[in-house]
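K.L.:
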Amino acid sequence: AGLIKRYSFGSKDVDPAVARFAERLIEATPIDVVAEFYPAFTEHDKSGALPGFRDVPVLILAGDKDLVTPSSHSEAIADVLPDAELVIVPDAGHLVMLEHPETVTDRLADLLVRSGTVPAANVGGHGSTAQQPGR
Numbered sequence: 018a019g020l021i022k023r024y025s026f027g028s029k030d031v032d033p034a035v036a037r038f039a040e041r042l043i044e045a046t047p048i049d050v051v052a053e054f055y056p057a058f059t060e061h062d063k064s065g066a067l068p069g070f071r072d073v074p075v076l077i078l079a080g081d082k083d084l085v086t087p088s089s090h091s092e093a094i095a096d097v098l099p100d101a102e103l104v105i106v107p108d109a110g111h112l113v114m115l116e117h118p119e120t121v122t123d124r125l126a127d128l129l130v131r132s133g134t135v136p137a138a139n140v141g142g143h144g145s146t147a148q149q150p151g152r
């Protein structure tokens with residue numbers, strides 16, 4: 018349980034209920050599935066596909082304390098997609114969406130507006146006008 022919390026979250030102050038939820042999710046994954054997926058951590062490279070995203074709104078969001086996928090990976094993507102919005106959330110780990118759900122929701126709402134998917138009036142109080150950590 019301690020390892021899951023360490024590698025999933027950036028803050029030691031994560032809500033215990035959220036930590037238990039993450040532990041249950043991860044522990045429910047059969048070990049053979051994990052074993053089959055594990056090589057993807059070192060072999061997966063789709064950077065050649067990134068230029069295809071140059072003409073669409075892009076959000077790159079990462080936790081600054083992510084031990085599974087370091088934020089430097091997100092910064093490398095942003096280097097290829099300079100018009101993308103890069104958000105590095107302070108004190109967040111790999112499960113940034115569980116640690117800082119408001120920030121993730123706000124940034125996704127902004128992306129929906131930027132992409133023209135929804136008008137700004139329809140994001141229900143979420144978006145760039147809301148208080149949010151990250152840069």
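With our numbering, letter number 43 in the sequence shown gets 60, and the count goes up by one each step, no holes. Ideal Cβ positions, reconstructed from N, Cα and C, are used throughout, including at glycine. Note that the structure is predicted; figures quoted are calculated from it, not measured.
Quick check on S64: buried or exposed, where buried means 16 or more other Cβ atoms within 10 Å of its Cβ?
P.N.:
That one is exposed.
K.L.:
Grab the span of the beta strand (DSSP E) containing G80 for me, first residue to last.
P.N.:
Note, G80: beta strand (DSSP E), 76 to 80.
K.L.:
Can you confirm whether the stretch 46 to 56 touches the stretch 76 to 94 when touching is taken to mean that 3 or more C-beta pairs between the two stretches lie within less than 8 Å?
P.N.:
Too few Cβ pairs lie closer than 8 Å, so no.
K.L.:
For A109 and chain C, any beta-carbon pair shorter than 9 Å?
P.N.:
Reference to chain C is not applicable here, since this structure consists of a single protein chain.
K.L.:
Between the C-alpha atoms of D72 and G19, what's the straight-line distance to the nearest angstrom?
P.N.:
Their backbone Cα atoms lie some 42 Å apart in a straight line.
K.L.:
Could you check whether the stretch 93 to 103 touches the stretch 111 to 119, counting it as contact only if at least three pairs of C-beta atoms, one from each stretch, sit closer than 8 Å?
P.N.:
Short answer: they don't touch.
K.L.:
Have a look at S88 and P136 and give me their C-alpha separation to the nearest angstrom.
P.N.:
C-alpha separation (whole angstroms): 30 Å.
K.L.:
With DSSP as the reference, identify every bridge partner of L103, one or two as the case may be.
P.N.:
I77, per the DSSP bridge assignment.
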